[in-house]
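In this note's numbering, the protein residues as written are 13 to 957. Note that beta-carbon positions come from the ideal geometry of N, C-alpha and C, so glycine has one too. If you're wondering where the values come from, they're calculated on a predicted model, not measured in any experiment. Worksheet for the structure shown next.
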């Protein structure tokens, strides 16, 4: 068995599909559709190649180590349950791609729809094949994002915008809750691997964390699968194009929550809370949504509520949790995907040809669309549970399990509710067929009275699915029974399960009586409501009032927005002093809360005497801070004093034998001082004196209190013995990192991921400065309003000196860079030294000339440097995966080239190259932006001295 096929199945639509479709769009719509269909069909065929072994009980798995310390691995597994869902995702997806080509107008972007559908398909395949809870959650959230984009495809429609936001809010909230449940499961079991977790049911259910984990996971599943009370988002997502509705709401997105319940079923079975809660929610959703579907005037709205109802049926079966109930659930998952995808396509055909999907306007279309009407009758019969269709068989199994697994009054009540739901299902199915195709002549309000059957390609997907509804309904044991049994065994992990026997006739029994009542009762109920056309005028909204899910959701959002604005107005007053005060007070409270109940005293560690140099440095630091306090209203002086504080800190690092930190501090201090001076030159040189006497006393008390608190905590820590982990880095620096400079090895190897994140943030900050300053004009050239700033040519002596500094600085940068792995230095320090030298060139010869020499006008070159540095650093980390090692694991060798002698090479040097280039690019981009005449007061004339 080839297990490497698993990631390929996901990557085909995720990478190849999205890129291929975007590229093919430049040729024609037909070529674009052919490419999308080909990618989807390839994934479907790859799954079929594994079907024989998987349905015979085999399980394929593949895993790559990613973050083993956190228990997060790129782990995939294909068993019968995952295969059933993956085949539905790719099989229905292929039919949707064919249908979408004919449905979508040439005015709309077909490639955009295909790209988003490919992204969604990959996310759903990731859910079906993931064997790690955290990886599953990543794909879960990707479905929320991609479905948001798909529902909002027609972004110029307010309904599409509103529906997509609602879907993202509800499902995103559920996903966040589910993350909490997954973390609790990880805490209970010590792993996030699904195949391991499902074998620890006793350990999980005996844990006090089980109940909160269960509730949070159920919240995620219920929101995704539109179960009460989160059902309302699904009908409001019907503003999406019909191919999207047919795909998301029949075979994929809304089934994600159901798949999660099925995948984790072994750890839930036996929990009374799980069985009672899930069974009740599913049963209530089944009946409630079926009733609402009868009165929907929008064709897709009726199908949406029908989907919610059928999802409730499946959830109820999974809540019962017995092997036969699980078999019925899996059977109905397949059946619902076939008839509901077909019905959504048919709804699109009706809308496409008649010009409306409003049931109040549609009637008599049998005369114009006889073939479509036939398909509708077949698929609607399956939805209603009419004999000789696949829907009848799974509904019979549902009735059987309700009667077999429940007892007493609960069984009687459940049977009544289920029968009522069956009556409602028959009623809305009849309304779908009778109201659209019969019920009199062609409606006078139908926009297109000359409608005709669509192209064969548009009908073909629905035709294939309708045929499957009949074939499975007549030959279930031959076509579907082995698949159902294999899926049930994989879901329940019960190897002793003997399997179900599917047949059209099981004798005259109670489930059959319930079905007969539902069929006859549904027909009577519909025609009683439709007598005289009354069903068209019944509106449930006045009866429901404010208890509609949509209204409640919008009321909650309005409440949150209103109060958040009030809170914002109360706290965001535009005064930095106020912001800092609240930040400091909150920090004091957070730190003091856990320490308040403890009696903390000085530790027993032996104190050491302060040397003379330490006292001198303390006095310098105290003087610098006092000067900062005294001159903080004068911006330029404040910046220079902060530079002095940084110099004192550098000296402290030198005294504590930390040359790497000293070099970093001094270079950062130089560059940031220049940046701050350039920024402040655009602002008035004096800040206003806003503080009153009472405010000064208040601020002084807060500052002194927080300072004393930090001092006390520092004293408590320093007077106690502690176990340092520095010994590990000292011992492993050379064997694992290949360098004797422990600080640099930590930065590029042990904590390389942190460093990569930091340079990414640095690049984002530089790009942010570019975007923020774009189009900005700082007016005024008088000293009290703002300094007119421009790098004008400097005196000749300074220019000549600067011309010598640059090559020397570059040599020093190279030296600092090359020695960084074994001696103080590295890419970050070298990058700042190079930046300092370039800044001197800017000052010496002027920004315009300096950027002409560097060919860096408008900062474009620096943006390229940032991107190049990040790519080099990231590629170095990813290269470790090709050798099966964690991200950014270093490799190092000793070589002896001729003439050069022995050389020590480490892969971390490439990562450091990326750090160096990113630091130089980010620093110079900010310098360039702040000095550019288009972004500063240089726009005006330079004043004479």
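In the structure shown, what three-state DSSP assignment does residue i receive?
i, result
"residue 124", "helix"
"residue 194", "helix"
"residue 26", "helix"
"residue 370", "strand"
"residue 584", "coil"
"residue 904", "strand"
"residue 505", "coil"
"residue 948", "Only weak support is given to the placement of residue 948: the predicted model assigns it a pLDDT of 42, under 50, and the value that follows is read from those uncertain coordinates. Residue 948 falls in the coil class under three-state DSSP."
"residue 622", "coil"
"residue 917", "strand"
"residue 646", "strand"
"residue 666", "helix"
"residue 492", "coil"
"residue 797", "Model confidence at residue 797 stands at a pLDDT of 43, short of 50, so the residue's coordinates are unreliable and nothing is read from them."
"residue 820", "helix"
"residue 697", "coil"
"residue 84", "strand"
"residue 802", "In this prediction, residue 802 scores a pLDDT of 45, lower than 50, which makes its location untrustworthy; the coordinate-derived value is nonetheless stated afterwards. Coil at residue 802, not helix or strand."
"residue 205", "strand"
"residue 959", "This structure cannot settle anything about residue 959, because the visible part of the chain is limited to 13 through 957."
"residue 398", "coil"
Relative to the C-alpha of residue i, which residue among the options is closest?
i, options, result
"residue 32", "772, 640, 127 and 286", "127"
"residue 825", "752, 880 and 932", "932"
"residue 839", "863, 882, 410 and 816", "882"
"residue 729", "768, 616 and 88", "616"
"residue 378", "454, 391, 372 and 649", "454"
"residue 897", "75, 183 and 213", "75"
"residue 1022", "363, 129 and 899", "The first residue shown for the chain is 13 and the last is 957, placing residue 1022 beyond what the model contains."
"residue 376", "393, 445 and 396", "445"
"residue 350", "184, 807 and 102", "102"
"residue 177", "82, 516 and 251", "251"
"residue 262", "224, 293, 312 and 463", "312"
Given a cut-off of 9 Å on the beta-carbon distance, is the pair residue i and residue j in contact?
i, j, result
"residue 387", "residue 264", "no"
"residue 90", "residue 73", "yes"
"residue 308", "residue 302", "no"
"residue 299", "residue 269", "no"
"residue 521", "residue 412", "yes"
"residue 460", "residue 402", "no"
"residue 757", "residue 836", "no"
"residue 58", "residue 84", "no"
"residue 235", "residue 245", "yes"
"residue 272", "residue 146", "no"
"residue 677", "residue 655", "no"
"residue 723", "residue 711", "no"
"residue 141", "residue 99", "no"
"residue 904", "residue 891", "no"
"residue 259", "residue 132", "yes"
"residue 29", "residue 48", "yes"
"residue 179", "residue 248", "yes"
"residue 277", "residue 504", "yes"
"residue 353", "residue 104", "yes"
"residue 385", "residue 481", "no"
If residue i sits next to residue j, beta carbons under 8 Å apart, how far is it from one beta carbon to the other, in whole angstroms?
i, j, result
"residue 41", "residue 107", "With a Cβ gap of about 18 Å, residue 41 and residue 107 do not count as contacting."
"residue 435", "residue 537", "6 Å"
"residue 355", "residue 341", "Actually they do not touch by this definition, with Cβ atoms about 20 Å apart."
"residue 500", "residue 335", "6 Å"
"residue 274", "residue 432", "The Cβ separation is near 26 Å, so there is no contact."
"residue 478", "residue 390", "4 Å"
"residue 238", "residue 326", "Not quite, the Cβ-Cβ distance comes to about 12 Å (not below 8 Å), so this is no contact."
"residue 639", "residue 653", "5 Å"
"residue 36", "residue 27", "About 15 Å separates the two Cβ atoms, so there is no contact after all."
I'd like the ranges of any alpha helix (DSSP H) spanning at least 4 consecutive residues and lying wholly in the segment 262–312. Those alpha helix (DSSP H) runs which fall completely within the segment 262–312 and span 4+ residues are 265–275, 277–280 and 284–306.
Alpha helix (DSSP H) segments (min. 4 residues) lying fully within the segment 54–81: 63–67
Which runs of the alpha helix (DSSP H) at least 4 residues long sit entirely within the segment 86–152? Give them in chain order. 92–115 and 122–141
Residue ranges of each alpha helix (DSSP H) run of no fewer than 4 residues wholly in the segment 718–789, ordered along the chain? 738–749, 754–757 and 764–785
Which parts of the segment 836–874 are runs of the alpha helix (DSSP H), unbroken and 4 residues or longer, counting only runs that do not cross its ends? Under the rule that a run must span 4 or more residues, the alpha helix (DSSP H) segments found entirely inside the segment 836–874 read 839–857 and 859–866.
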